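Engineer: I'd like to ask you about the structure that follows.
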Amino acid sequence: MSTVIAPPEPITTRPDHAPEGERTAYRLDLLDRLESEAIHILREVAGQFERPALLFSGGKDSVVMLELAVRAFYPAPPPSTLLHVDTGHNFPEVLAFRDETVQRLGARLVVASVQDYLDDGRLRERPDGTRNPLQTVPLLDAIAAGRFDAVLGGGRRDEEKARAKERIFSIRDAFGAWDPRRQRPELWDLYNGRHAPGEHVRVFPLSNWTELDVWRYIERERIALPELYYAHEREVFERDGMLVAVGPWSQPRRGEAVEVRRVRYRTVGDMSCTAAVPSDAGDAAAVIREVAGSRLTERGATRADDRLSEAAMEDRKKEGYF
Amino acid sequence: MDHDLLRLATAGSVDDGKSTLVGRLLHDTKSVLADQLAAVERASRDRGLDSADLALLTDGLRAEREQGITIDVAYRYFSTTRRSFVLADTPGHVEYTRNMVTGASTADLALILVDARHGIVEQTRRHLAVTGLLGVRHVALAVNKMDLVGWDELTFAGIRDEFQRLATGFGVQEVTAIPLSALTGDNVVDRSAHTPWYAGPTLLEHLETVPVGTDVTTEPVRLPVQVVIRPRTATHPDYRGYAGRLASGVLRVGDPVVVLPSGHRTSVVGIEVPVPGGLPADVEAAFAPQSVTVRLADDLDIARGDLIAGASRLPHVRTDLEATVAVLSPEPLRSGQRVVVRVGTAAVRGVVTDIVDELDLAGLEHRPAGTTLPLNAIGRIRVRLAASVPVDDYRAARHTGGFLLIDEADGATLAAGMVSLDSTTEGDSGWLAS
């Protein structure tokens with residue numbers, strides 16, 4: 000039989016509120032179920048914690064999470080402070096998008112800057128120039144300084160095998176560390192957010208979403224994203240099978256030819272470790288077709304930080320990474 | 000076509016080939032992408048294997064790989080043109096009943112593996128007991144390693160019939176048995192040439208077509224209040240909405256409702272749900288499991304922890320609970336222990352007054368318990384609460400009859416509980432219809 004990863008057709012089924020045929024009408028399709036679950040999780044955070052923060056980078060998962068938070072508390076504003084760890088190597092168009100969004104929503108944004116830590120010697124640049132692993136210390140400091148007791152992240156279990164074992168409410172000790180053996184069992188939809196002073200809980204409302212679900216939701220809800228998620232011309236060179244943009248922190252080495260290619264980004268992180276993929280997808284519908292046909296995972300295709308070792312994410316998570 | 004979601008939980012004994020079966024499902028539905036497969040091939044070579052070991056696809060943590068074990072529930076995602084699947088992959092060791100309970104609590108279907116050479120073993124009984132207890136509606140029995148018994152129809156039929164008998168005893172409603180080989184892929188996604196005597200579906204066909212969800216129109220209306228939304232802005236000075244996820248039933252504008260535990264009676268004047276393409280908007284009706292915001296006719300003192308219930312079928316309001324619990328913490332649950340009971344959105348202090356008995360999963364009978372229940376034990380207890388809470392019988396309403404016992408001191412989740420309401424106990428007469 001033929002099976003594909005997901006159907007490209009848009010999902011339009013909505014409950015029909017007519018009393019006739021109720022038995023079949025009162026069913027939720029996939030996106031509605033994921034949306035309902037995420038809103039439930041966001042409201043649990045509001046109900047169980049005093050000082051929640053929502054990690055917002057301008058990346059697609061955090062944009063979707065923020066849009067869900069707007070829906071969860073409407074017509075009141077979402078109760079979370081927005082928090083961004085700026086590596087100093089972020090894409091300028093993503094930072095501009097971040098700031099526009101913050102302004103549009105009238106939200107409060109706290110930025111923790113890796114550059115500050117490098118400038119005053121609290122952190123040192125890695126030999127490979129990658130700054131993603133350096134985000135952990137500024138993140139933990141910002142959580143402590145803001146006295147945040149819950150930190151909402153856009154991580155998804157389909158991204159990576161260590162994340163596949165993550166709970167929706169994930170307790171972190173006073174050092175921000177994740178201990179896979181200390182995770183609380185999660186039953187039904189009862190999330191237990193109790194924690195000791197100094198500890199905090201990471202919460203992942205998009206745990207059960209896949210990359211394709213996120214894109215389908217972006218399409219259905221017409222959610223705006225930074226432009227680099229869609230196809231555009233960019234100067235790139237090839238390194239380790241990935242297309243790296245020419246920029247202040249990513250210069251071609253000898254033998255790496257620069258060319259202008261039509262590309263887009265599947266993930267948006269630090270410029271020094273995030274690569275582009277060749278693409279003609281100019282809108283969400285085209286991206287959905289492309290992702291459905293892709294033979295590579297988004298992190299495997301474009302993230303150098305996950306290629307450091309077989310357990311790169313597991314190790315970073317244990318230290319307190321997102 | 001309606002693209003929906005099936006949640007399933009796997010269970011198998013050690014060496015039943017469960018990891019291989021899950022790996023096979025992912026691989027044959029094209030859910031494994033090239034970089035993941037390359038990583039598995041690399042890891043297989045490193046371990047001196049000739050071909051890619053699909054079981055490695057589901058190995059998560061380095062700690063597990065080094066010890067060759069699975070230590071926790073992992074979630075896998077795959078989809079076909081008909082359905083998306085969330086698979087809770089739970090380890091099969093005796094000591095990990097806790098993980099199976101966790102995976103089964105959200106599952107529409109339990110996938111239980113049996114090795115065709117060994118038939119039903121003690122572990123199979125445990126898996127069925129947990130499945131029945133947690134009220135999982137459908138069970139798929141994968142009789143695996145059929146290639147090693149020469150695809151013998153009688154072997155399959157014997158296991159199927161014995162399993163069906165046991166399942167009925169545990170209150171499992173529906174069982175579909177499938178002869179397959181995870182290693183060769185026969186009857187997993189593609190139909191096997193070795194089983195002309197088998198007319199049923201392949202495993203994936205069954206997963207794609209088994210009915211999901213419940214008939215919400217027959218359920219009582221239950222809405223645990225998560226947060227109260229009060230913008231107090233110039234545009235919404237007096238707005239007051241009660242936000243929550245419908246645990247069961249269909250709620251309509253105009254419906255009479257009762258707020259519990261206070262017992263105040265009022266009616267629904269507005270229901271808001273997110274509408275595709277924008278912000279939440281008013282609808283005439285909403286149903287489980289939608290997340291909603293409800294406006295009520297009267298200004299009542301309603302807070303997180305309260306339950307809005309349809310007035311025609313009310314839950315029981317109790318300060319004493321009798322329940323079956325599965326112990327999830329390394330420390331045993333003790334008679335006299337102080338706990339926090341989390342049911343719906345309510346969190347109430349309580350004390351374990353009695354440990355009534357323990358379910359002997361090997362012999363499948365209740366036996367008198369001492370004053371403690373150890374990790375992975377399942378037993379019946381009584382709890383006295385500091386304040387009354389609305390509850391349903393778990394068998395009638397999973398989300399308002401299931402609860403957590405939480406350690407008051409460190410916040411750890413100690414046990415999962417399922418409320419048993421015996422209609423013959425004093426003070427109750429079944430549903431309190433009004």
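Going line by line, the protein sequences match chains A and B.
Using numbering that gives the first Met the number 0, the letters of the first sequence map in sequence onto residues 0 to 321.
Using numbering that gives the first Met the number 0, the letters of the second sequence map in sequence onto residues 0 to 433.
Glycine included, each C-beta is placed from N, C-alpha and C at the ideal position.
All values reported here derive from a predicted model rather than from experimental measurement.
Looking at residue 250(B): is its Cβ nearer than 9 Å to the Cβ of residue 274(B)?
Structural biologist: The sequence position of residue 250(B) within the second sequence is 251, counting from 1. The sequence position of residue 274(B) within the second sequence is 275, counting from 1. Going by C-beta atoms, residue 250(B) is not nearer than 9 Å to residue 274(B).
Engineer: Distance cutoff 9 Å, beta carbons only. Does residue 184(B) sit that close to anything in chain A?
Structural biologist: Taking the second sequence and counting its residues from 1, one reaches residue 184(B) at position 185. So, not an interface residue.
Engineer: Quick check on DSSP: helix, strand or coil for residue 119(B)?
Structural biologist: Counted from its first residue, the second sequence places residue 119(B) at position 120. Three-state result, residue 119(B): coil.
Engineer: Quick one: Cα of residue 62(A) to Cα of residue 277(A), how far?
Structural biologist: One-based indexing of the first sequence puts residue 62(A) at position 63. One-based indexing of the first sequence puts residue 277(A) at position 278. Approximately 23 Å between the Cα atoms of the pair.
Engineer: What's the C-alpha gap between residue 211(A) and residue 109(A)?
Structural biologist: Looking up residue 211(A) in the first sequence gives position 212. Looking up residue 109(A) in the first sequence gives position 110. When rounded, the distance between both Cα atoms is 30 Å.
Engineer: If the cut is a Cβ gap below 7 Å, which residues of chain A does residue 228(B) touch?
Structural biologist: To locate residue 228(B), count along the second sequence from 1; it is residue 229. 72, 75, listed in chain order.
Engineer: Can you name the residues of chain A whose CB is closer than 9 Å to the CB of residue 278(B)?
Structural biologist: The count along the second sequence starts at 1 and reaches residue 278(B) at position 279. Chain A residues near residue 278(B): 69, 70, 73, 74.
Engineer: Could you tell me the alpha carbon to alpha carbon distance between residue 95(B) and residue 328(B), rounded to whole angstroms?
Structural biologist: As a working note, residue 95(B) is residue 96 in the second sequence. As a working note, residue 328(B) is residue 329 in the second sequence. Answer to the nearest angstrom: the Cα atoms are 11 Å apart.
Engineer: Which chain A residues sit within Cβ distance under 8 Å of residue 3(B)?
Structural biologist: Residue 3(B) sits at position 4 when you count from the first residue of the second sequence. Ordered by position in chain A, the residues that pass the 8 Å Cβ test against residue 3(B) are 26, 27, 28, 29, 32.
Engineer: To test your reading of the DSSP string, which unbroken beta strand (DSSP E) runs of 3 or more residues are found completely within the segment 368 to 396 of chain B?
Structural biologist: At a cut-off of 3 residues, the continuous stretches assigned as beta strand (DSSP E) that sit fully inside the segment 368 to 396 of chain B are 377 to 390.
Engineer: Could you please give me the residues that DSSP links to residue 358(B) through a beta bridge?
Structural biologist: Reading the second sequence from its first residue, position 359 is the one you call residue 358(B). The partner list for residue 358(B) (beta bridge, DSSP) reads 365(B).
Engineer: Rounded to whole angstroms, how far is the Cβ of residue 244(B) from the Cβ of residue 396(B), which I believe are closer than 8 Å?
Structural biologist: In the second sequence, residue 244(B) corresponds to position 245, counting from 1. In the second sequence, residue 396(B) corresponds to position 397, counting from 1. Incorrect: roughly 14 Å between the Cβ atoms, too far for contact.
Engineer: For residue 120(A) and residue 113(A), what's the separation of their Cα atoms in angstroms?
Structural biologist: Residue numbering aside, residue 120(A) sits at position 121 when the first sequence is read from its first letter. Residue numbering aside, residue 113(A) sits at position 114 when the first sequence is read from its first letter. In this structure, the alpha-carbon of residue 120(A) lies about 11 Å from that of residue 113(A).
Engineer: Can you tell which of 276(B), 365(B), 414(B) has its C-alpha closest to the C-alpha of residue 183(A)?
Structural biologist: Within the first sequence, numbered from 1, the residue matching residue 183(A) stands at position 184. With distances taken between Cα atoms, residue 183(A) lies closest to 414(B).
Engineer: Identify, in the order they occur along the chain, each residue of the same chain with its Cβ nearer than 7 Å to the Cβ of residue 180(B), setting aside the five sequence neighbours on each side.
Structural biologist: The residue given as residue 180(B) occupies position 181 in the second sequence. Once the five neighbours on either side are set aside, the close Cβ partners of residue 180(B) are 143, 144, 145, 146.
Engineer: State buried or exposed for residue 174(A), treating a residue as buried only when at least 16 other CB atoms are found within 10 Å of its CB.
Structural biologist: Here residue 174(A) refers to the residue found at position 175 when the first sequence is read from its first residue. The residue is exposed, with fewer than 16 neighbouring Cβ atoms inside 10 Å.
Engineer: With 7 Å as the C-beta to C-beta threshold (strictly closer), list the residues of the segment 104 to 127 of chain B near chain A in chain order.
Structural biologist: 104, 105
Engineer: If you draw a straight line from the C-alpha of residue 166(A) to the C-alpha of residue 177(B), how long is it?
Structural biologist: For the purposes of this step, residue 166(A) is taken as residue 167 along the first sequence, with counting starting at 1. For the purposes of this step, residue 177(B) is taken as residue 178 along the second sequence, with counting starting at 1. Rounded to whole angstroms, residue 166(A) to residue 177(B) spans 32 Å at the Cα level.
Engineer: By how many angstroms is the C-alpha of residue 311(B) removed from the C-alpha of residue 22(A)?
Structural biologist: For the purposes of this step, residue 22(A) is taken as the residue at position 23 of the first sequence. For the purposes of this step, residue 311(B) is taken as the residue at position 312 of the second sequence. Since pLDDT at residue 22(A) reaches only 42, below the 50 mark, its modelled position is unreliable, and the value read off the structure follows with that caveat. Residue 22(A) and residue 311(B): Cα-Cα distance of roughly 20 Å.
Engineer: Measuring only the C-alpha atoms, how far is residue 305(B) from residue 262(A)?
Structural biologist: Sequence index remark: in the second sequence, residue 305(B) carries index 306 (1-based). Sequence index remark: in the first sequence, residue 262(A) carries index 263 (1-based). The straight-line gap from Cα to Cα measures roughly 52 Å.
Engineer: Taking only three categories from DSSP, how would you classify residue 437(B)?
Structural biologist: Shown here, chain B extends from 0 to 433; a query on residue 437(B) therefore has no answer.
Engineer: Identify each residue in the segment 230 to 242 of chain B for which the Cβ-Cβ distance to at least one residue of chain A is less than 9 Å, and report them in chain order.
Structural biologist: 230, 231, 232, 234, 235, 238, 240, 242
Engineer: Which of the three DSSP states is assigned to residue 296(B) in this structure?
Structural biologist: Sequence index remark: in the second sequence, residue 296(B) carries index 297 (1-based). Of the three classes helix, strand and coil, the one that applies to residue 296(B) here is coil, per DSSP.
Engineer: DSSP has residue 401(B) in a bridge; who is on the other side?
Structural biologist: Mapped onto the second sequence, residue 401(B) falls at position 402. DSSP output for residue 401(B) lists 417(B) as bridge partner(s).
Engineer: Exposed or buried, residue 9(B), counting other C-beta atoms within 10 Å across all chains shown (16 or more means buried)?
Structural biologist: Within the second sequence, the letter at position 10 stands for residue 9(B). Burial call: buried.
Engineer: In whole angstroms, what is the alpha-carbon distance linking residue 41(B) and residue 54(B)?
Structural biologist: Locating residue 41(B) in the second sequence gives position 42, counting from the first residue. Locating residue 54(B) in the second sequence gives position 55, counting from the first residue. One C-alpha to the other measures close to 13 Å.
Engineer: With a cut-off of 9 Å, does the C-beta of residue 277(A) fall near any C-beta of chain B?
Structural biologist: Position 278 of the first sequence holds residue 277(A). No - not a single Cβ of chain B is within 9 Å of the one on residue 277(A).
Engineer: What is the rounded straight-line gap between the Cα of residue 72(A) and the Cα of residue 104(A)?
Structural biologist: For the purposes of this step, residue 72(A) is taken as residue 73 along the first sequence, with counting starting at 1. For the purposes of this step, residue 104(A) is taken as residue 105 along the first sequence, with counting starting at 1. Taking the straight line from one Cα to the other gives about 13 Å.
Engineer: Per DSSP, which one or two residues make a beta bridge with residue 236(A)?
Structural biologist: Looking up residue 236(A) in the first sequence gives position 237. According to DSSP, which records beta bridges pairwise, residue 236(A) is partnered with 243(A), 257(A).
Engineer: Could you please give the first and the last residue of the uninterrupted alpha helix (DSSP H) stretch that includes residue 43(A)?
Structural biologist: Within the first sequence, the letter at position 44 stands for residue 43(A). It spans 29 to 47 - the alpha helix (DSSP H) in which residue 43(A) sits, taken as one unbroken run.
Engineer: How many Å lie between residue 249(A) and residue 58(A) at the Cα?
Structural biologist: For the purposes of this step, residue 249(A) is identified with residue 250 of the first sequence, where counting begins at 1. For the purposes of this step, residue 58(A) is identified with residue 59 of the first sequence, where counting begins at 1. Whole-angstrom Cα-Cα distance: 20 Å.
Engineer: Quick one: does residue 152(B) have its CB under 9 Å from some CB of chain A?
Structural biologist: The residue labelled residue 152(B) in the question sits at position 153 within the second sequence. Cβ-Cβ to chain A under 9 Å: no for residue 152(B).
Engineer: Express the C-alpha separation of residue 405(B) and residue 97(B) in angstroms, rounding to a whole number.
Structural biologist: On the second sequence, position 98 is the one that residue 97(B) refers to. On the second sequence, position 406 is the one that residue 405(B) refers to. Whole-angstrom Cα-Cα distance: 15 Å.
Engineer: Roughly how many angstroms lie between the CA atoms of residue 77(A) and residue 169(A), to the nearest whole one?
Structural biologist: Here the question's residue 77(A) lines up with position 78 in the first sequence. Here the question's residue 169(A) lines up with position 170 in the first sequence. Each residue's Cα considered, the two are about 21 Å apart.
Engineer: Are the CB atoms of residue 112(B) and residue 16(B) within a distance shorter than 9 Å?
Structural biologist: Taking the second sequence and counting its residues from 1, the one referred to as residue 16(B) is at position 17. Taking the second sequence and counting its residues from 1, the one referred to as residue 112(B) is at position 113. By the CB criterion at 9 Å, residue 16(B) and residue 112(B) fall inside the cutoff.
Engineer: Since residue 195(B) meets chain A, which of its residues come closer than 7 Å, beta carbon to beta carbon?
Structural biologist: The residue you call residue 195(B) lines up with position 196 of the second sequence. By Cβ distance, chain A contributes nothing, its closest Cβ being about 18 Å from residue 195(B), past 7 Å.
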